[in-house]
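Numbering (the working numbering), first residue to last: 18 to 353. Virtual Cβ for every residue (Gly too), placed ideally from N, Cα, C.
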Ligand code: SF4
């Protein structure tokens, strides 16, 4: 019998949905998409798929930073697209095709007991009662177990685990009486995204790779003060470059809002399309006439990658705040 589980490095893939889709769709041409950093495992996945079905397997060499970048045009070219390691993008309306299967990529290298000891120690010292847990695709199972174990040990887990994205934090986190948000994820990327928009709760990073549990507020404050400075620098910008993305990073409602606000505030603006955006692309399109940019594709590009650019590069919500208010107050409660 074919195993539905495949282990690649420290990750486990549950492939029951893939097996079902291969048979139901009678797929012949299959495209696999792995996140950056894990593409070296493509060969193992291709071998697995070829061992269970007589198909041609194609491995996507282009950047797959998130499910937002899933290009449904590809479902025209392939019978099945297997997208590994991201949940469906919550703000995309164009990824509901039955020819796309999302596969979780669970990190199984974690020392659960050691991590739980650290989490309990932290929560006991900080003394907060209402706890929410958020996570990413790689740690959903771990986060579920963590939530249950914390509840059993008397901690008041009121929400989660919920999945967060670099640009999207579930609104429940802001509405509920949450005092502490545990962000179960590697590195600082997701805890910073949550901390920038959730004001009412302490954001705590739980890193399954390092087993460290740390308060994210210092890093978050650093990022927020840089963003407020960028917004301040854009207050008098007359001429704006508006950068549009592709696939789920093209959000027409965000673009319309920016364009409407720029028109109302009598600013000149130019619309650029850029499927890939980095400092070199921006330098290439930059013109002396332009004073500021707003990135409507991935807001984290403005926050994480373009903060060094010599002109202010804002997220959509930062730009709207600057243009509508004409002054700087609190940081907006959304990155989009
Ligand atoms: S942060 Fe950027 S890459 Fe990640 S989901 Fe949002 S738009 Fe996509």
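Quick check for students: name the residue ranges of the beta strand (DSSP E) that lie wholly in the region 228-255, counting only runs of 3 or more. If we require 3 residues or more, the beta strand (DSSP E) runs fully inside the region 228-255 come out as 229-232.
For the structure I just gave you, are there three or more beta carbon pairs, one from the region 72-84 and one from the region 47-59, closer than 8 Å? In short, these stretches touch, since the Cβ pair count reaches three.
Please report the distance separating the alpha-carbon of residue 261 from that of residue 288. Computed Cα separation, rounded: 7 Å.
Spatial neighbours of residue 97 within its chain, please: CB distance less than 6 Å, with the 5 preceding and 5 following residues excluded, ordered by chain position. Same-chain partners within the cutoff: 38, 42, 44, 47, 116.
For residue 257, collect the residues of the same chain with a Cβ closer than 8 Å to its Cβ; drop the 5 residues on either side in sequence, then sort them by chain order. Contacts found: 279, 284, 285, 286, 287, 307, 308, 309, 310, 311, 336.
Take the Cβ of residue 106 as the centre, count every other Cβ of all protein chains shown within 10 Å, and call the residue buried at 16 or more, exposed below. Buried, by the Cβ-count rule.
Going by the CB atoms, is the gap between residue 200 and residue 151 shorter than 8 Å? A contact, by the Cβ cut-off of 8 Å.
Within the continuous beta strand (DSSP E) that includes residue 59, where are the two ends? No beta strand (DSSP E) contains residue 59, which is instead part of the alpha helix (DSSP H) from 59-69.
Residues near residue 81 by beta carbon distance below 6 Å, same chain, minus five either side: Cβ neighbours of residue 81 beyond the five flanking positions: 50, 52.
Would you mind stating whether residue 145 and residue 196 have Cβ atoms separated by less than 8 Å? It is a contact, given that the beta carbons lie within the stated cut-off.
Give the straight-line distance between the Cα atoms of residue 147 and residue 251, rounded to the nearest whole angstrom. Spanning the alpha carbons of residue 147 and residue 251 requires a straight line of approximately 38 Å.
Entirely enclosed beta strand (DSSP E) segments - the region 140-178, minimum 3 residues: For the region 140-178, whole beta strand (DSSP E) runs of length 3 or above, ordered along the chain, are 147-152.
The alpha helix (DSSP H) enclosing residue 92, as first and last residue numbers: Where residue 92 is concerned, the enclosing alpha helix (DSSP H) starts and stops at 91-94.
Confirm the yes/no value for this check: CB of residue 267, any heavy atom of the ligand SF4, distance under 7 Å. For residue 267, the Cβ stays outside the 7 Å cut-off from all heavy atoms of the ligand SF4.
Can you give me the Cβ contacts of residue 187 inside the same chain, cut-off strictly under 6 Å, excluding the 5 residues immediately before and after it? 179, listed in sequence order.
Distance, residue 300 Cα to residue 204 Cα: Our two residues, residue 204 and residue 300, have alpha carbons roughly 28 Å apart in a direct line.
Thinking C-alpha only, which one of 129, 183, 175, 193 is nearest residue 163? If we check each option's Cα against that of residue 163, 129 comes out closest.
Between residue 319 and residue 243, how many whole angstroms is the CB-CB distance? I'm expecting something under 8 Å. Your pair residue 319 and residue 243 does not check out as a contact, with CB atoms roughly 11 Å apart and the cut at 8 Å.
Secondary structure of residue 275, DSSP reduced to three states: The three-state secondary structure of residue 275, taken from DSSP, is helix.
Using 8 Å for Cβ pairs, my map puts residue 99 next to residue 69. What's the rounded Cβ distance? Between residue 99 and residue 69, the beta carbon gap of about 12 Å keeps them out of contact (Cβ cut-off 8 Å).
Give every residue of the same chain whose Cβ lies closer than 8 Å to the Cβ of residue 84, excluding the five residues on either side of it in the sequence, and list them in chain order. The residues are 100, 103, 104, 105, 106, 109, 112, 119, 265.
Could you tell me whether any non-hydrogen atom of the ligand SF4 is closer than 7 Å to the CB of residue 139? The answer is no for residue 139.
Test: residue 352 CB closer than 8 Å to a CB of chain D: Considering every chain present, this structure includes no chain D. It has just one protein chain.
Look at residue 94 and residue 228 and say whether their C-beta atoms are less than 8 Å apart. Residue 94 is not a Cβ neighbour of residue 228, given a cutoff of 8 Å.
Candidates 65, 71, 114, of which the one nearest residue 87 by Cα: Residue 114 is the option with its Cα nearest to residue 87.
Between residue 207 and residue 181, how many whole angstroms is the CB-CB distance? I'm expecting something under 8 Å. So it is a contact: roughly 6 Å between Cβ atoms.
Quick one: does the C-beta of residue 286 sit closer than 7 Å to a heavy atom of the ligand SF4? Look at residue 286: its beta carbon is at least 7 Å from all of the heavy atoms in the ligand SF4.
Between the Cα of residue 276 and the Cα atoms of 333, 220, 328, which residue gives the shortest distance? Per the C-alpha coordinates, the member of 333, 220, 328 positioned closest to residue 276 is 333.
Thinking just about the alpha-carbon of each residue, which of 305, 304, 293 is nearest to the one in residue 317? When each option's Cα is compared against that of residue 317, the closest is 293.
Spatial neighbours of residue 249 within its chain, please: CB distance less than 6 Å, with the 5 preceding and 5 following residues excluded, ordered by chain position. Around residue 249: 345.
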